[in-house]
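Residue numbers 115 to 367, in our numbering, belong to the letters of the sequence shown in order. Since the structure comes first, as structure tokens, the remarks are kept for the end.
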Amino acid sequence: SWGRTILRPTAASETCSQVMDPDLTIVLLGRTGVGKSASANTILGRAAFESKTSFKAVTTGIKTSLFAGQTLTVVDTPPLFDTCRSQEESEKEIAKCVSLAAPGPHVILVVIWVGRFTEEDKETLRIIQQMFGEEVAGYTMVLFTGGDHLEADGVTIEDIITKYPALHDFIRQCGRRYHVFKNRSRDPAQVRELLKKINTMVQRNRGRCYSTEMFRAAERRLLERESLEMVVLALRREAETENQSQCKNVHLT
């Protein structure tokens, strides 16, 4: 089954005839405590976002940097499953951050810590698919943090991926795109390698980004689905009430 197949990341050396886009917009998503802000800082090459090795929510926003001739616009979004705000508030703030990155991000990096794939991580993947729609898969890559632990434990990233079917399936849907960061390392080579993978993806997408129009369309579909579910639920309750009423009448007669 696919759950046992080892995925290999798309080769960063794959090239396209198109010229590399001079600008990249990168959005980072993830739950609290996975090293999302630290990863944003690693990409930017400086401490642009407040990052703490705790489960507290940290600064979010948009920062820019120059790397190997490319202008990087990095958007750090509020964490999902934040204890400081409701899930609905977090999702609204994330939507606001993504809309600020107009015309849209070239890549959405879903940040996951390699140490443990939790139920919250699993739910994070589901929420992202629900919020952004099916089209987002073509613009998504998983960014694993804590790569230092893999070497120390003698484990490969493929071991981690194949261990969790939900994670494996998500990465498969995203075109097998993933990257591992050693957040303690200051070696820019890991950022260079990540950007190669992102640029390959951008070239395959012909320079297109995940547009605000795509996001709004996904929001509309979600609202329509929720409205339909509410109608179905109301009809079901009405039918149950009618059945109970009929049962009472039968009992009385």
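By construction, the Cβ of each residue, glycine as well, lies at the ideal position given by its N, Cα and C atoms. Remember, it's a predicted structure, so these values are computed and weren't measured experimentally.
Query: Local Cβ density within 10 Å of residue 283, reported as buried at 16 or more and exposed below that; Result: exposed
Query: Backbone CA spacing between residue 296 and residue 316 [nearest angstrom]; Result: 24 angstroms
Query: Closest Cα partner of residue 225 within the set 218, 216, 235 and 217; Result: 235
Query: contact_flag[the stretch 213-227, the stretch 239-259] where n(CB pairs < 8 angstroms) is 3 or more; Result: yes
Query: Rounded straight-line distance, which links the Cα of residue 233 to that of residue 240; Result: 11 angstroms
Query: DSSP state of residue 220 mapped onto helix, strand, coil; Result: coil
Query: Whole-angstrom distance between residue 245 and residue 337, CA atom to CA atom; Result: 10 angstroms
Query: Three-state secondary structure assigned by DSSP to residue 253; Result: helix
Query: Distance cut-off 8 angstroms: residue 358 Cβ against heavy atoms of the ligand COA; Result: Ligands in the displayed structure: none, and consequently the ligand COA is not present.
Query: Sheet register partners of residue 109 (DSSP bridge); Result: Absent from the structure is residue 109, since the part of the chain shown begins at 115 and ends at 367.
Query: Cut-off 8 angstroms between Cβ atoms - residues of its own chain near residue 208, not counting five sequence neighbours on either side; Result: 143, 191, 192, 194 and 245
Query: Contact the stretch 286-303 vs the stretch 255-275: 3+ CB pairs below 8 angstroms; Result: yes
Query: Cβ pair residue 163, residue 151 closer than 9 angstroms; Result: yes
Query: C-beta contact flag for residue 138 and residue 214 at 9 angstroms; Result: no
Query: Chain-order list of residues whose beta-carbon lies under 8 angstroms from that of residue 270 (same chain, five-residue window excluded); Result: 264
Query: Residue 175, DSSP secondary structure in three states; Result: strand
Query: Paired residues, beta bridge with residue 139 - DSSP; Result: 187
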